[in-house]
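Novice: For the sequence shown, the numbering used here begins at 578 and goes up steadily by one.
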Amino acid sequence: MASDETGDGVSTRRDYVKYGGALIGGGLFAGCTGSGGSGSNGSGGANGSSGSTGTQADTASGASGDGTETGGGTNETDGTTSGAANAYSVTMAPMGEVTFEAVPKTIFTRLTHLAGMAFALGRGNDVNAMHAPDYYDALWNQFTPRLPGVSLDWSGLYSSWEPSKEKLYELDSDVHLADPASVFAVEGWNESDLAEIEENVAPWFGNQYSDTHATPPKAYQDQYRYYSLWDMFEKVAAVFQEQERYRALSSIHSDLRDTIESELPAKGERPTVALLGLSDLESIYAYKVGVPGFLVAHIRPLKPAETFGDDVSSGDTVDTETLLAADPEVILALGGMHPDTDMPGIRSGLADDPVAADVTAVKNDRVYAQGARYQGPILNLFQLEMSAKQLYPERFGEWPTYEKGPYPEIPANEQLFDRERVARIITGEGTT
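1) Should L729 and H830 be called a contact, given that it needs their Cβ atoms to be closer than 8 Å?
2) Would you identify the three-state DSSP class for W781, choosing helix, strand or coil?
3) Take the Cβ of S750 as the centre, count every other Cβ of all protein chains shown within 10 Å, and call the residue buried at 16 or more, exposed below.
4) Considering only residues of the same chain and omitting the five flanking positions on each side of E1006, which have a CB-CB separation below 7 Å?
5) Quick one, which of I684, F994, A692, A934 has its alpha-carbon nearest M809's?
6) Specify, as a first and last residue, the run of the alpha helix (DSSP H) that F761 falls within.
7) Taking only the alpha-carbon atoms, compute the straight-line gap between G628 and N990 and give it to the nearest angstrom.
8) Report the residue from E819, W781, E678, G765 whose alpha carbon sits nearest the alpha carbon of I684.
9) Is I876 helix, strand or coil when you go by DSSP?
10) If I follow the unbroken beta strand (DSSP E) through N705, where does it start and stop?
11) For T1008, which residues in the same chain have their Cβ closer than 8 Å to its Cβ, ignoring the five residues on either side in sequence?
12) Which residue from V850, A882, D929 puts its Cα closest to that of A910?
13) In three-state DSSP terms, what is H753?
14) By a C-beta neighbour count over all protein chains shown, 10 Å radius and 16 as the cutoff for buried, is S934 buried or exposed?
15) Pick helix, strand or coil for V850, following the three-state DSSP scheme.
16) Restricting to runs no shorter than 4 residues, where is the alpha helix (DSSP H) found entirely within the region 911-945?
17) Compute the beta-carbon to beta-carbon distance between I837 and L961, rounded to the nearest angstrom, for a pair I have assumed lies under 8 Å.
18) Kindly indicate which three-state DSSP category V907 falls into: helix, strand or coil?
19) Residues bridged to E674 by DSSP?
20) Would you decide whether S925 is buried or exposed? Buried here means 16 or more other CB atoms lie within 10 Å of its CB.
21) Can you list, in chain order, the residues of its chain whose CB lies under 7 Å from that of P985, leaving out five sequence neighbours each side?
22) P988: buried (16+ other C-beta within 10 angstroms of its C-beta) or exposed?
23) If I measure Cβ to Cβ from V873 and keep anything under 6 Å in the same chain, skipping five residues before and after, which residues do I get?
24) Taking the alpha-carbon of A814 as reference, which of L754, S890, F973 has the nearest alpha-carbon?
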């Protein structure tokens, strides 16, 4: 983390700006749009940017060209800077090389894929800000009961979708796990504001537009790159000097992916799948499942057939007539595992609707709850398992009928990854 501390009681520039100088002004649950504007509820709205595919390089640090999430890649973490013997650097677009003089302790985030990475590294409770904290606290804690000894509390944190500079000075974080390009897109922010916060508070370190491979603001397009969820996690792990934890979790992820890929049915036997926000049948949010980006990192590896054609873009709203014309064999209800979501009500609402009732997935009782698209590594593991069972029960075991409550108990012999091993990694009790 950049700092001007000289030791021996000398005030830092950060302290001067906070306490000795004037603070410079800067500029529910919402979905996340690529432009930084507000969206709509995650159980039924645009919980993720849906911008068009950008023109930048489609891969970086091990992300495969077809959009498949891959582990691996390398980090630039061994460089030291002059005058700081323990300094190290990590490189990721769009920031470039970022130098840290010490491992960050307090963590600002905007979106939960990065907050989820802190959580996976045992640092979830060091997060001091995030988008829609109460919503995501409740949703993430639908999964923690299956991780022995793991706890998480994000309730009441600063809701940081449209952060102010004053609040960033007040939080005084050691790192901002947020994409400066996405903050730049927030009204009231410019490049000098971003540089000021980096200089006086802490570095920026994040990448948002890998969510859908959307085009970032023009000022950042030349240096932008896209990363898979797990390649980005490797870099975040390097920020916290937690490479061993990353490698242990990445090994579990790789084994899970291998298990799934080895058991996938032939292409012609895979169902058509729609990922939907279903809070309002008059305006259904439709998300494609085979598109690039980490928002579907738990579905795309299962290689289902796409439900919607070229006339529907991911993030569009559709009506029940359009849904019936597409006729998915499986419907995945976004945010369906949130404790405030009424899954029985969603199912009965579809079944009682004179048009939606004829959709194949509705007729065959294949309407399933999902969690979040802005998933960190731990949710990605659970959601890969969950989606595999929902799409291919004959290959991976039946998914229990879910109405409410935490992630269902799965018999040990039907689990696709070891919960206790994951929990030990998160709590620091062991990485083997």
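Even for Gly, the Cβ is constructed at its ideal location relative to N, Cα and C. Small disclaimer: the values here were computed from a predicted structure and weren't measured.
Specialist: The short version:
1) Translated into the one-based positions of the sequence shown, residue 729 becomes position 152. Translated into the one-based positions of the sequence shown, residue 830 becomes position 253. No, the pair does not count as a contact, with Cβ atoms beyond the cut-off.
2) If you number the sequence shown from 1, residue 781 lands on position 204. Residue state, collapsed to three classes: strand.
3) For this step, residue 750 is matched to residue 173 along the sequence shown. So S750 counts as buried.
4) As a working note, residue 1006 is residue 429 in the sequence shown. Hits under 7 Å: none found.
5) Stepping through the sequence shown from its first residue, residue 809 is reached at position 232. Of I684, F994, A692, A934, the residue nearest in Cα terms is A692.
6) Within the sequence shown, numbered from 1, the residue matching residue 761 stands at position 184. Taken as a continuous stretch (DSSP letters only), the alpha helix (DSSP H) holding F761 covers 757-761.
7) Walking along the sequence shown from the start, residue 628 turns up at place 51. Walking along the sequence shown from the start, residue 990 turns up at place 413. With a pLDDT of 36 at G628, under the threshold of 50, the predicted position of this residue should be treated as unreliable, though the coordinate-derived value follows. Cα to Cα, G628 sits roughly 41 Å from N990.
8) The residue you call residue 684 lines up with position 107 of the sequence shown. Nearest option by C-alpha distance: W781.
9) Taking the first residue of the sequence shown as position 1, residue 876 is located at position 299. When DSSP states are grouped into helix, strand and coil, I876 belongs to the coil group.
10) By 1-based counting over the sequence shown, the position of residue 705 is 128. N705 -> beta strand (DSSP E) spans 704-707.
11) Locating residue 1008 in the sequence shown gives position 431, counting from the first residue. Excluding positions up to five away in sequence, the list reads E821, R822, R824, A825, R1001, I1002.
12) Mapped onto the sequence shown, residue 910 falls at position 333. Selected option, being the one with the closest Cα: V850.
13) Your numbering for residue 753 matches position 176 in the sequence shown. Looking at H753 - three-state DSSP - the assignment turns out to be strand.
14) Along the sequence shown, one-based indexing puts residue 934 at 357. Checking the displayed sequence, the identity of residue 934 turns out to be Ala instead of Ser. When all chains shown are included, A934 counts as exposed.
15) Here residue 850 corresponds to residue number 273 of the sequence shown, with the count starting at 1. Correct three-state label for V850: strand.
16) 920-929, 937-940
17) Here residue 837 refers to the residue found at position 260 of the sequence shown. Here residue 961 refers to the residue found at position 384 of the sequence shown. Between L961 and I837 the Cβ distance is about 7 Å, and since that is below 8 Å, they are a contact.
18) Sequence index remark: in the sequence shown, residue 907 carries index 330 (1-based). Here V907 sits in strand by DSSP.
19) Against the sequence shown, residue 674 aligns to sequence position 97. According to DSSP, E674 bridges with T668.
20) Locating residue 925 in the sequence shown gives position 348, counting from the first residue. With fewer than 16 other Cβ atoms within 10 Å, it is exposed.
21) Mapped onto the sequence shown, residue 985 falls at position 408. For P985, where only same-chain residues beyond five positions count, the Cβ hits under 7 Å are P977, Y979.
22) The residue you call residue 988 lines up with position 411 of the sequence shown. Answer is exposed; the Cβ neighbour count stays below 16.
23) As a working note, residue 873 is residue 296 in the sequence shown. Once the five neighbours on either side are set aside, the close Cβ partners of V873 are V866.
24) Position 237 of the sequence shown, counting from 1, holds the residue named residue 814. Here the closest residue by C-alpha is L754.
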